[in-house]
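J.:
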Amino acid sequence: MKPLALRFLSRRRLWSVPIGFLLVFAFFSTAFGALGVVARETHLAGVNGAEPTSDTTAPTVPSASDSAEDGWPDLSRFMDKPYGFVPVVIPITEPAVGYGAAALLAFIDKRQDERVAGFGRPNITAAGGLVTANGTSGVLAGDTRHWLDDRLQTLVGLGYASINLDFYGIGDDRALRNQPLDYSLEPLGGVARAKYRLGHSCWWTGLGYSLATTRVAFDAPSGTPGLPPFERDSQVGGVTPMLNYDSRDNFFTPASGTFAEAAAGVFSEALGGDAEFQRVGLIAMRYVPLHQKLTLGLRGDVNLSFGDVPFYLRPFVFFRGVQAMRYQGEHVIQAEAELRWQFWKRLSLVGFVGGGTAWNEFNRYENSRNLVAGGTGFRYELARKYGLHMGFDVAFGPDEPIFYVQFGSAWLRP
10 MKPLALRFLS
20 RRRLWSVPIG
30 FLLVFAFFST
40 AFGALGVVAR
50 ETHLAGVNGA
60 EPTSDTTAPT
70 VPSASDSAED
80 GWPDLSRFMD
90 KPYGFVPVVI
100 PITEPAVGYG
110 AAALLAFIDK
120 RQDERVAGFG
130 RPNITAAGGL
140 VTANGTSGVL
150 AGDTRHWLDD
160 RLQTLVGLGY
170 ASINLDFYGI
180 GDDRALRNQP
190 LDYSLEPLGG
200 VARAKYRLGH
210 SCWWTGLGYS
220 LATTRVAFDA
230 PSGTPGLPPF
240 ERDSQVGGVT
250 PMLNYDSRDN
260 FFTPASGTFA
270 EAAAGVFSEA
280 LGGDAEFQRV
290 GLIAMRYVPL
300 HQKLTLGLRG
310 DVNLSFGDVP
320 FYLRPFVFFR
330 GVQAMRYQGE
340 HVIQAEAELR
350 WQFWKRLSLV
360 GFVGGGTAWN
370 EFNRYENSRN
380 LVAGGTGFRY
390 ELARKYGLHM
400 GFDVAFGPDE
410 PIFYVQFGSA
420 WLRP
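When we follow the working numbering, the leftmost residue of the sequence shown carries the number 10, and every step to the right adds one.
#1: Considering only their Cβ atoms, is the gap separating F116 from T134 smaller than 8 Å?
#2: Taking Q351 as the reference, give the member of Y321, M334, G360, A344 with the closest Cα.
#3: Please check if any C-beta of chain D sits within less than 8 Å of the C-beta of T163.
#4: Ordered along the chain, which non-local residues of its own chain (more than five positions away) have a Cβ less than 7 Å from that of C211?
#5: Below 8 Å on the Cβ atoms is my guess for F286 versus V318; work out the distance and round it to an integer in Å.
#6: At the level of alpha carbons, what is the spacing between V248 and Y218?
#7: Could you check the C-alpha separation between E505 and W156 for me, to the nearest Å?
#8: Assign D79 to one of two classes, buried (16 or more other C-beta atoms within 10 Å of its C-beta) or exposed (fewer than that).
#9: Use the C-beta contact count for L31: other C-beta atoms within 10 angstroms, 16 or more gives buried, fewer gives exposed.
#10: For my contact list, R323 and G309 are in at a C-beta cut-off of 8 Å; report their separation, rounded to the angstrom.
#11: I'd like the span of the beta strand (DSSP E) that includes L220, first residue to last.
#12: Compute every distance between the C-beta of V225 and the non-hydrogen atoms of the ligand SAM, then say whether any falls below 7 Å.
#13: The alpha helix (DSSP H) spanning A170 covers which residue range?
#14: When the Cα atoms are used, what is the spatial distance from V341 to F328?
#15: Quick test of the definition: if touching needs 3 or more C-beta pairs under 8 Å, does the stretch 194-207 touch the stretch 152-170?
#16: Contact check, R206 vs T163 under 8 Å by CB: the rounded distance?
#17: Taking the beta carbon of Q332 as the centre, do at least 16 other beta carbons fall within 10 Å, making it buried, or is it exposed?
#18: Cα-Cα, which of A271, L303, A367 is closest to G215?
#19: Please say whether R378 and L175 have beta carbons closer to each other than 8 Å?
#20: Does H398 pass the burial test, meaning 16 or more other C-beta atoms within 10 Å, or should it be called exposed?
#21: Using the Cα positions of D258 and T267, report the straight-line distance between them to the nearest angstrom.
#22: Grouping DSSP H, G and I as helix and E and B as strand, with all else coil, what is E339?
#23: When you compare only the Cα positions, how much space is there between L358 and Y395?
#24: Tell me whether the beta-carbon of D152 lies closer than 8 Å to the beta-carbon of V165.
What follows is the structure, encoded as structure tokens:
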């Protein structure tokens with residue numbers, strides 16, 4: 010088995026959902042989605058006669074890491090290979106927790122119906138962990154399965170983490186803006202999700218369930234001698250129905266198509282929690298090919314929360330250039346645009362800009378924080394067969410510049 014330490018380098022999904030027990034779902038959604046799409050595309054290539062076989066008459070290339078088309082380094086043939094156990098390393102560059110890495114070992118189980126053309130992905134079981142410079146750590150395990158000729162997809166994940174963060178308040182909290190409170194989260198729990206494809210369309214409907222106990226601890230503020238730290242346990246349980254549409258031409262670095270999803274989470278004591286609240290999330294992404302070498306990407310998000318929501322599950326503004334979990338509110342709306350220009354052979358330049366708002370009181374728009382950020386980046390077409398580009402971005406926003414390693418789209422969604 011050859012190691013795949015650089016196959017799925019995506020730090021984004023680790024922190025693009027509320028920090029806490031949803032960390033488990035985010036981590037495995039990214040890893041499972043990436044692993045599954047590689048296997049799916051490989052299978053389809055084989056059905057269409059494009060996959061190399063053991064026949065001595067099959068075409069060969071000088072190296073598994075070089076392209077027969079132009080001689081540039083290319084991982085397409087490497088990604089074509091069938092593997093049992095696959096190691097995956099995911100760098101973390103989020104300032105909220107410091108630099109670090111997540112790693113997992115995934116077992117890919119080929120399904121009996123893999124010879125059938127379509128959208129088939131393999132069954133995957135995985136376990137791993139993460140660690141960052143500020144002491145954040147965690148362990149995770151999960152499994153994803155496909156049933157009924159890939160009409161039904163299931164995912165379960167379990168995990169524990171110890172996460173160290175700073176709390177800047179909800180909305181525009183002037184008292185905490187420059188003097189945040191140090192706190193830690195220790196979530197223990199899991200998620201389960203099932204999605205069903207509607208006919209042979211691009212539409213999916215699904216239902217998820219989340220249950221977790223989280224220990225929340227705040228350090229006593231400096232300058233308050235004798236004040237003990239605060240600590241308590243929080244129990245969260247809820248269901249999240251969802252509907253999504255996906256017509257992207259490529260999972261990794263799309264050049265055309267649309268992804269849209271609507272989800273509404275209902276959390277209640279009757280579902281295993283200790284609080285009554287709701288979360289609504291809407292996301293839409295559109296990729297427009299302006300030219301053979303020029304692609305415009307547009308993304309918009311709306312995240313709303315109602316009821317007695319734990320502070321660590323409040324929405325937060327999160328796009329390139331904005332630190333995760335820093336700008337929270339009861340409600341968040343944001344948008345981002347990206348232009349990618351493949352200016353020479355496999356090399357591309359990227360420019361992006363985004364804006365977002367976090368506020369309280371849905372109708373009154375109170376305590377709002379308005380944010381703008383943007384930056385530039387570079388991409389290399391690492392696997393032409395899969396449309397996979399890898400590179401980096403440097404973003405400038407309201408705080409210090411942030412560096413991102415990008416493996417595929419900055420808006421990677423499985």
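Cβ coordinates follow ideal geometry from the N, Cα and C atoms, glycine included.
T.: The short version:
#1: yes
#2: G360
#3: This model lacks chain D altogether; it includes just one protein chain.
#4: Y254, D255, S256
#5: 4 Å
#6: 4 Å
#7: With the chain represented from 10 up to 423, any question about residue 505 goes unanswered, as that position is not in the structure.
#8: exposed
#9: Because L31 sits at a pLDDT of 40, beneath the cut-off of 50, its placement in the model cannot be relied upon, and the following sentence gives the value as read from the coordinates. Result: buried.
#10: So it is not a contact: roughly 20 Å between Cβ atoms.
#11: 212-227
#12: Annotation note on the ligand SAM: not contained in the displayed structure, which lists no ligands.
#13: Per DSSP, A170 belongs to no alpha helix (DSSP H); it is in the beta strand (DSSP E), 161-176.
#14: 12 Å
#15: yes
#16: Actually they are not in contact, since the Cβ atoms of R206 and T163 sit about 13 Å apart, beyond 8 Å.
#17: buried
#18: A271
#19: Just to set this straight, residue 175 is Asp in the shown sequence, not Leu. Contact: no.
#20: buried
#21: 9 Å
#22: coil
#23: 19 Å
#24: yes
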